[in-house]
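> Below: one structure in structure tokens.
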């Protein structure tokens, strides 16, 4: 089954028991010989900062505001993501055992 | 490598360092429970307008058929052709053969070369 | 009122510049005609919005007189006739001062 | 030696971009109506522009990507497309105003009305882009643009009172007619911080094949070039304040503005004004058409360069050909260039945030700029400019209606 990566961008992801986790904002992949394996999906607001490569801008502001909230990036391994219906991606695990990418 | 930040919308450069448009989309192949792989880079209009409003795909393909180079399916480059992913994405392809430059050649031949001083495509 | 004074000043300045031979004839004629048309257009609109008790009769006469002067000057440019042009220019500046006084009196009434 | 020639990029960007029908009309109107009081707006616009132009040049020199390349690559196609629509509409209106400026300059010189000049002028601008190279445009426009120094000569000859000129560099509110004052301030800022200048400058840095060694040169060019442009605008304002204001002459049409220097430089004033407008607007028309074509080409990844033959960058050449010919149409239909100018200045202010916000992200991007990222000073300036641009965006439309 073929999916358009750019259309997956920004779609909401729900975990195994239907809880909203966040939006897909980035895909981590590895070059493997002639092809490119998708390793993990990055979900959450600060994944956007990753995409804009704006950490050098955001980190000082974060230090000034001393806010912890920004750290909500989830790195979902490809095995835990069920993309059978690209419009409603679902996790195969509950959101609490997701580990933080940071 | 981050797909969106490092590949999507990046400038595509062919073997002879000539610009051939930007990556409008990426196609990911999903097996039953095999690891997903990015198989193709998509270039060209329809994929772009899809990202603004899905309904625009039909409209843009219809418009493209009214005039200009007749091309059915969008231009896709197999990922195996990707040489390096840096500030730009370098591809081991010949730009003209991939069809990415159809519009460029069509406008060059039908409009630009008709105007005096427009210069001419030496190869043709 | 400001735009009336502005167009009168435009006509005056264009006239003086033409007298010292620093501007082309066609430009001067076109600018004088433009000033005349604008004065006509603004003039009509002006009387509707005048506050009561203002001596509108003398304002109206001053405006029409200055418009005629500008029109005459525009025609004179083609005949390269400086002396008459100079007298018209002086009477135009007289109109200008009169209109300015009327404007000040209107402003005084408005406060 | 080559780097001194590069100084021309700064001068052309500023003379062509900064000093054009928008900045001259708004400065003349401000001077004629409020005397020196709006000088601060030109100063503020110039300072913001110096930083934004320096950053555009630095990004291009270090990363070999222009602002538009980076904007598409970082923010994705939908955001890019949104900015493209906004920017093309506003820049097109300014282009129409520039062609109007050139046609009007020819009208006051020859007496033939401006609609007749619209098409020949736009064909001449097109011909220069079609056949000319980037350095020809760059050096030609800046040399011709030097005639605009006559504004400075006129301002000095009218003998301004320097203490009040200095004191009006601090913002102050007039006692009467605040709406029009606000509208003129917004228009002056819109005329000076015009986005097409940044797109042209960063593309120019690539056309001139700048690299990291040009960073300090870039600062000098941005600083000197924009100050040169800002200084000229101030001269126009001062000249209007001294020559037109005492007579109560307000600049509502182009022929009125043409009288600006007739008293200060009796013999040549009128002709110098016409020539200054002719060359400054010509340089600006070139810059805007190229900026729009660069925007399309870089955004969609086509090949682009003024030094290539049109057939080698067909879509790039196609875009500027269509744009420049379309821009002549409104003038042929007798649309008044001054009205178009004022509208385009207000719309520039209204769409400013779209052009400035990306700067904050792009100039802090380690991948593009590495250690040449923004220091805290430049970031602070960008933050202030973003604040100003949002304020401008909010008040420009209502002010256009009330004060315009």
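Chains as they are written, first to last, in my numbering: chain A, 298 to 399; chain B, 12 to 135; chain C, 3 to 113; chain D, 151 to 554.
Even for Gly, the Cβ is constructed at its ideal location relative to N, Cα and C.
Quick check: what's the CA-CA separation for residue 487 of chain D versus residue 251 of chain D?
The straight-line gap from Cα to Cα measures roughly 7 Å.
> Within 10 Å of its beta-carbon, does residue 134 of chain B have 16 or more other beta-carbons around it, so buried, or fewer, so exposed?
In this prediction, residue 134 of chain B scores a pLDDT of 43, lower than 50, which makes its location untrustworthy; no coordinate-derived value is stated.
> Note down, in chain order, every chain D residue with its Cβ under 7 Å from the Cβ of residue 353 of chain A.
Correct list: 514, 516, 523.
> Going by DSSP, what residues sit across from residue 337 of chain A in a beta bridge?
Answer by DSSP bridge pairing, in chain order: A:325, A:374.
> Between the region 319 to 347 of chain A and chain B, which residues of the former have CB atoms less than 9 Å from a CB of the latter, in chain order?
The residues in question are 322, 323, 324, 325, 326, 327, 328, 329, 330, 331, 332, 333, 334, 335, 336, 339, 347.
> Compare the C-alpha of residue 101 of chain B against each of B:113, B:34, B:41 and name the closest.
Of the candidates B:113, B:34, B:41, the one whose C-alpha sits nearest the C-alpha of residue 101 of chain B is B:34.
> Which residue spans inside the region 313 to 361 of chain D form an unbroken alpha helix (DSSP H) run of at least 4?
Counting only runs of 4 or more, we get 328 to 342, 345 to 357.
> Say whether the region 265 to 275 of chain D touches the region 21 to 41 of chain C, bearing in mind that this needs 3 or more beta-carbon pairs closer than 8 Å, one atom from each stretch.
Not touching, per the Cβ criterion.
> According to DSSP, which residues form a beta bridge with residue 311 of chain A?
DSSP lists A:317, A:387 as partners of residue 311 of chain A.
> Does DSSP put residue 89 of chain B in a helix, in a strand, or in coil?
DSSP places residue 89 of chain B in strand when its eight states are reduced to three.
> Can you pull the DSSP bridge partners for residue 36 of chain B?
DSSP, once it has assigned bridges, lists B:53 as partnering residue 36 of chain B.
> List the residues of chain A that residue 510 of chain D touches, going by C-beta distances under 9 Å, in chain order.
Here the neighbours are 351, 354.
> What is the rounded straight-line gap between the Cα of residue 330 of chain D and the Cα of residue 553 of chain D?
C-alpha separation (whole angstroms): 4 Å.
> Just to confirm, are residue 372 of chain A and residue 349 of chain A a CB contact at a threshold of 8 Å?
Cβ distance not < 8 Å, so residue 372 of chain A and residue 349 of chain A don't count as in contact.
> Since residue 200 of chain D is in the alpha helix (DSSP H), which residue starts that stretch and which ends it?
189 to 213 is the span of the alpha helix (DSSP H), which, as asked, contains residue 200 of chain D.
> Look up residue 121 of chain B in the DSSP assignment and say whether it is helix, strand or coil.
In this structure, residue 121 of chain B counts as helix in the three-state DSSP scheme.
> Do the region 434 to 451 of chain D and the region 256 to 268 of chain D meet, that is, are 3 or more Cβ pairs less than 8 Å apart?
No contact exists between the region 434 to 451 of chain D and the region 256 to 268 of chain D.
> Which residues of the region 92 to 126 of chain B have a Cβ closer than 7 Å to any Cβ of chain D? Give them in chain order.
Listed by position along the chain: 98, 114, 115, 118, 119, 122, 123, 124.
> When DSSP labels each residue in this structure, what does residue 27 of chain C get in the three-state scheme?
Three-state result, residue 27 of chain C: helix.
> Can you tell me the Cβ-Cβ gap for residue 306 of chain D and residue 122 of chain B, rounded? I've got them flagged as a contact below 8 Å.
About 50 Å; that fails the 8 Å criterion.
> Quick one: what does DSSP say residue 12 of chain B is sitting in, helix, strand or coil?
Residue state, collapsed to three classes: coil.
> Closer than 9 Å by beta-carbon distance: list the chain D residues that pair up with residue 36 of chain C, in chain order.
Under the 9 Å cutoff, chain D gives 403, 405, 406.
> As a quick exercise: from A:325, A:319, A:324, A:330, pick the residue whose alpha carbon is nearest that of residue 94 of chain B.
Of A:325, A:319, A:324, A:330, the residue nearest in Cα terms is A:330.
> Can you name the residues that DSSP bridges to residue 100 of chain B?
DSSP, once it has assigned bridges, lists B:23, B:96 as partnering residue 100 of chain B.
> For residue 187 of chain D versus residue 396 of chain D, is the C-beta distance shorter than 8 Å?
Cβ atoms of residue 187 of chain D and residue 396 of chain D: not closer than 8 Å.
> What would DSSP say about residue 537 of chain D, mapped onto helix, strand or coil?
Residue 537 of chain D falls in the helix class under three-state DSSP.
> Run through DSSP, which three-state label would residue 521 of chain D get?
Helix.
> What is the DSSP secondary structure of residue 570 of chain D, reduced to helix, strand or coil?
There is no way to answer for residue 570 of chain D, as the model of chain D reaches only from 151 to 554.
> Mind checking residue 239 of chain D: buried by the 16 CB within 10 Å criterion, or exposed?
So residue 239 of chain D counts as exposed.
> Measure from the C-beta of residue 32 of chain C to each C-beta in chain D and report whether the shortest distance is under 8 Å.
Cβ-Cβ to chain D under 8 Å: yes for residue 32 of chain C.
> Is residue 377 of chain A near the ligand SAH, judged by its Cβ being under 7 Å from some heavy atom?
Ligands in the displayed structure: none, and consequently the ligand SAH is not present.
> For residue 421 of chain D, which residues from the same chain have a beta carbon less than 8 Å from its beta carbon, with the 5 sequence-adjacent residues on both sides left out?
Within the same chain, residue 421 of chain D has close Cβ partners 259.
> For residue 31 of chain B, which of helix, strand or coil comes out of DSSP?
Of the three classes helix, strand and coil, the one that applies to residue 31 of chain B here is strand, per DSSP.
> Can you have a look at residue 4 of chain C and say buried or exposed, based on whether 16 or more other CB atoms are within 10 angstroms of its CB?
Residue 4 of chain C comes out exposed.
> Where do the N-terminal and C-terminal ends of the alpha helix (DSSP H) with residue 262 of chain D fall, by residue?
Looking at the DSSP string, residue 262 of chain D is not in any alpha helix (DSSP H), and its letter there is neither H nor E.
> For a contact meaning CB atoms closer than 8 Å, what does residue 380 of chain A contact in chain B?
Neighbours of residue 380 of chain A on chain B, chain order: 41, 47.
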